[in-house]
Amino acid sequence: PVWTMEKWLTHWVENISAPTVRDTTADAYRNAVYKHLVPGLGAHRIERIQPEHFEKLYRKMLAAGHKPANAHQVHRTARAALNEALRRGHITRNPAALAKPPRVEQEEIVPYELEEVQKILATAANRRNSARWAIALVLGLRQGEVLGLKWADLDLDAATLRVRENRLRPKYQHGCDGTCSKRPGYCPQKVNTRKPTGEVKSRAGRRPMGLPSPIVELLRQQREQQEKERTAAGAQWQEGGYVFTTLTGRPINPNTDFHEWKDLLKAAGVRDGRLHDARHTAATLLLILEVVDRTTQGLMGWSDPSMPGRYQHLVKRVQTDVAKRQEALVWTVPRQAIEGSNATETATRDTEE
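Numbering (this note's numbering), first residue to last: 977 to 1329.
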């Protein structure tokens, strides 16, 4: 068959990619294909398209106000789609792999210092679902991993937790056949077409973890509070076994969770930050504790051994500790050397006398 970019990308994303990747990954691919690649390059035949065509598309995206990271997502999608075309013999080279995407400036990540973590947790103690934030800041679970936790994943007597599932972002469609003239997410009769949870990010993400005793206590309090809410909700309660829920037992919407994080930071009087900064903070706490990289990798659920270098940061406490050790090593004279020097001086005086 004659494959145009539109035909191949549509076939690839719906029939090859979507059945084999996570829902969120498929959504990202579809966004890149239908919003950018097909409108911009869809008429080209895949065996004739050149790297310059992709670079021109990226420049147009930037000129239209898209961020370099968006162009990178489009670039990665095109590269993956044409890699499959190459593998199947439809093309002899991958032009997307030869194209140069725009440079992405790495955003500086500043994890929260220990004192800030303590302020946040002290403020969270007076709020609903307070254990959720202790798990994020101390254990480093991703947002979806925390919101996907179920009581069956916990053994509070043994002080252990096992990450198994990931809370998925809702995907809405109209329940009114589009007559409300609003976007699906704002439709008064919107219907969520996505299941609440799915697989974690990778096989390494399915991991056991030990629980510090303060978190165990917070989770016991969480269970007691949830029992009260279940009783108060009565017939409205929807049992799903989730640790963190709405007042009627439903899993928490990630967008709602994000806004609660922002409100918590403001109430605690600490600087604003991304929710994912909590994960960087937990990884940096492991650095302060001098936990070895292999253990850190397992606890954080990373399959890539280079990840500690991206998530662990030289916060003030680490810098100060290193400076003190350098001082002790270089400028503090060992006691044995001092005693040895004194003994030599005494012997010299005795000889001279």
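Just so you know, even glycine gets a beta-carbon here, dropped at the ideal spot from N, CA and C.
Residues that DSSP places opposite residue i in a beta bridge
i	result
LEU1130	LEU1137
PRO1227	THR1221
ARG1143	THR1173
GLN1149	VAL1167
Beta strand (DSSP E) segment containing residue i, residue limits
i	result
GLU1175	1173 to 1175
GLY1186	1184 to 1186
Element boundaries [alpha helix (DSSP H), containing residue i]
i	result
VAL1369	What is shown of the chain runs 977 to 1329, which leaves residue 1369 out entirely.
ARG1079	Segment: none, ARG1079 is in no alpha helix (DSSP H) and carries neither H nor E.
HIS1289	Where HIS1289 is concerned, there is no enclosing alpha helix (DSSP H), given that its DSSP letter is neither H nor E.
GLU1193	1189 to 1209
ALA1002	999 to 1008
ILE1096	1090 to 1100
PRO1164	PRO1164 -> no alpha helix (DSSP H), and no H or E assigned at all.
ALA1107	1106 to 1110
VAL1122	1119 to 1123
TRP984	981 to 987
GLY1016	1014 to 1017
ASP1072	In the sequence as presented, Asp is not what sits at residue 1072; that position holds Ala. Run containing ALA1072: 1071 to 1074, per the alpha helix (DSSP H) assignment.
GLY1274	1269 to 1276
Chain-order list of residues whose beta-carbon lies under 7 Å from that of residue i (same chain, five-residue window excluded)
i	result
LEU1263	GLN1288, VAL1294
ALA994	ALA1002
ARG1143	GLY1120, LEU1123, GLY1124, PRO1172, THR1173, PRO1227, PRO1230
GLU1060	TRP988, ILE992
THR1222	ILE1228
GLY1217	LYS1126, TRP1127, ALA1128
GLN1273	PRO1281, MET1283, PRO1284
THR1224	ALA1209, GLN1212, TRP1213, GLN1214
GLY1245	LYS1095
TRP1278	ALA1180
ASN1168	PRO1146, LYS1147, TYR1148
PRO1188	VAL1114
TRP1109	ILE1096, LEU1097, ALA1100, LEU1240
ARG1247	none
Backbone CA spacing between residue i and residue j [nearest angstrom]
i	j	result
GLY1018	ARG1079	24 Å
ASN1229	VAL1122	12 Å
PRO1160	ARG1145	14 Å
VAL1009	THR986	7 Å
ILE1085	VAL1298	21 Å
ARG1170	ARG1118	19 Å
THR1136	SER1157	48 Å
ASP1133	TRP1213	27 Å
GLU1236	ILE1022	46 Å
LYS1242	ASN1070	48 Å
PRO1077	ALA1039	14 Å
THR1257	LEU1251	10 Å
THR1099	GLU1092	11 Å
THR1308	GLN1302	9 Å
HIS1042	LYS1147	23 Å
ARG1206	THR1271	38 Å
ASP999	GLY1154	24 Å
ALA1056	THR1260	33 Å
ALA1045	GLU1203	44 Å
PRO1087	VAL978	51 Å
ASP996	LYS1292	Per the sequence shown, residue 996 should be read as Thr rather than Asp. So the two alpha carbons sit approximately 44 Å from each other.
ASP1253	HIS1066	43 Å
LEU1195	ARG1104	12 Å
ARG1138	LYS1036	45 Å
GLU1200	SER1106	13 Å
GLU990	TYR1162	26 Å
HIS1051	ALA1073	8 Å
GLY1249	LEU1305	37 Å
LEU1240	ALA1101	11 Å
ASP1269	ASP1131	26 Å
GLN1198	LYS983	52 Å
LYS1238	ARG1064	48 Å
Cβ neighbours of residue i in the same chain (closer than 6 Å, five flanking residues each side left out)
i	result
ALA1075	PRO1027, PHE1030, GLU1031
ILE1111	LEU1117, VAL1122
THR1053	TYR1005, ALA1008
SER1178	SER1279
Cβ shell of residue i (< 8 Å), same chain only, five flanking positions each side left out
i	result
LEU1275	LEU1115, GLY1116, ARG1183, MET1185, LEU1262, VAL1267
MET981	LEU1013, VAL1014, LEU1017, GLY1018, ALA1019, HIS1020, ARG1021, ILE1022, ILE1025
GLN1165	HIS1150, GLY1151, CYS1152, CYS1156
THR1068	GLU1023, LEU1062
GLU1089	VAL1291, LYS1292, ARG1293
VAL1192	LEU1132, ALA1135
Original post:
Where in the segment 1020 to 1065 do unbroken runs of the alpha helix (DSSP H), each at least 4 residues long, occur, reported from the N-terminal end onward?
Top reply: 1027 to 1039, 1044 to 1063
**OP:** Run through the segment 1229 to 1265 for me and flag every whole alpha helix (DSSP H) of 4 or more residues, listed as ranges in chain order.
**Re:** 1230 to 1244, 1253 to 1264
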